[in-house]
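Numbering (our numbering), first residue to last: 25 to 388.
A virtual CB, placed ideally from N, CA and C, is assigned to each residue, including glycine.
Model, not experiment: these values are computed from the prediction.
Since the structure comes first, as structure tokens, the remarks are kept for the end.
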């Protein structure tokens, strides 16, 4: 078992070994090497199955093909990826034509052209037009092979059972090669796409979130409001504008770092108490907008009382000092017959009425 692991590791290291050419894709070269080895062992199996019906010329050509692919594998450490892929494709085209001539159309070796087509679209950085030219060329070769070989008699006659076996073996090898190419390169594409999706989601989240408090920002709040308004006009919907009392004094006395701690603590209280389906948003500075899309004014008022009391009891520890604050709230029910800005302005007016008449209160 240890010996097998050592051999497997050495074999894997051999395949993964980097090329001496700079700035070449190791991953692509690894795929080409695996394809070379696959075809190499395929040649050997094919030869062992059919050597007894080959003449001297056929045996020599078969041995030369095995040798050529062995040399190509060794050379893959010293040539460019594009060069290795081109040599592999040309050698496979010659092999396909020769096999069709030897064993006939019905063994299915012509389907290796699909492997070359798939490989071409993943190897190198050629433009779309170049790749399409190559695709058209491979298609033309496939059609030419069909008209030339499908009705001519094969040089070497093989029994039907052997023909079926070669058809099955060719199908398995071809599916393996296509699956290998598609998985390796498709995996990278999916991973990259996943990263892009995740990155875009993070960017969108950052664009809609206040960095300091983690609450929704004004843009997210207005998007949410528009979404609610589109869903139904026959529902309870209340909103509240609220503001930290004497917040400028907190910043002037203790500094902006302390002010930031106060904002974070208040945001935490909002999140914990605002209720499911409701949204607290930082409107700007020390001002917040609370959205209650499923509550009438009385229900929202009860929630605000809980929030108000929690803020009164909140103590922010900063440099050995205890900082306390209160908030004033302006609450209104949304009028669906007027623009949402009208309701926001009404809540804002109630907020400033409360601030001008004692603060630390809920005006409804």
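Quick one: using the 10 Å Cβ neighbour count with 16 as the cut-off for buried, is residue 374 buried or exposed?
-> buried
What do you get for residue 310, buried or exposed, if any count of 16 or more other CB atoms within 10 angstroms of its CB means buried?
-> buried
So does the segment 350–360 actually touch the segment 314–322, counting three or more Cβ pairs closer than 8 Å?
-> yes
Nearest neighbour of residue 143, chosen from 384, 335, 56 and 289 [CA to CA] | 56
Per the contact definition of three or more C-beta pairs closer than 8 Å, is the segment 37–56 in contact with the segment 78–87?
-> no
Roughly how many angstroms lie between the CA atoms of residue 344 and residue 387, to the nearest whole one?
-> 35 Å
Which of the three DSSP states, helix, strand or coil, is assigned to residue 338?
-> coil
For residue 183, does the count of other Cβ atoms within 10 angstroms reach 16, so buried, or fall short, so exposed?
-> exposed
Check each candidate in 141, 120 and 266 and name the one with the smallest Cα separation from residue 131.
-> 120
Between the CA atoms of residue 38 and residue 123 - distance to the nearest angstrom | 30 Å
Based on the DSSP secondary-structure assignment, which residues constitute the bridge partners of residue 266?
-> 312 and 353
Beta-ladder partner(s) of residue 10, from DSSP = The structure shown does not extend to residue 10, since the chain spans only 25 to 388, so no value can be given for it.
Which residues bound the alpha helix (DSSP H) around residue 358?
-> Counting along the chain, residue 358 falls outside any alpha helix (DSSP H), and DSSP gives it neither H nor E.
What separation, rounded to the nearest whole angstrom, lies between the Cα atoms of residue 33 and residue 158?
-> 37 Å
Taking residue 198 and residue 160 to be in contact with their CB atoms under 8 Å, please state how far apart those CB atoms are, rounded to whole angstroms.
-> Not confirmed; about 21 Å, so no contact.
Grouping DSSP H, G and I as helix and E and B as strand, with all else coil, what is residue 103?
-> coil
When the distance is taken between beta carbons, is residue 53 closer than 8 Å to residue 86?
-> no
Straight-line CA distance for residue 287 to residue 259?
-> 31 Å
Reducing DSSP to helix, strand and coil, say where residue 317 ends up.
-> coil
What's the gap between the Cα of residue 207 and the Cα of residue 62?
-> 16 Å
Spatial distance of residue 367 from residue 347 (CA atoms) | 33 Å
Looking at the unbroken beta strand (DSSP E) that takes in residue 51, where does it start and where does it end?
-> Where residue 51 is concerned, there is no enclosing beta strand (DSSP E), although the alpha helix (DSSP H) it sits in stretches over 50–74.
Beta-carbon spacing of residue 22, residue 178 below 8 Å = Because residue 22 is not part of the residues shown, which for the chain are 25 to 388, the question remains open.
Count the other CB atoms within 10 Å of the CB of residue 322; is the residue buried (16 or more) or exposed (fewer)?
-> exposed
Taking the CB atoms as reference points, tell me whether residue 350 and residue 306 lie closer together than 8 Å.
-> no
With distances taken from CA atoms, which of 279, 170 and 93 is nearest residue 342?
-> 279
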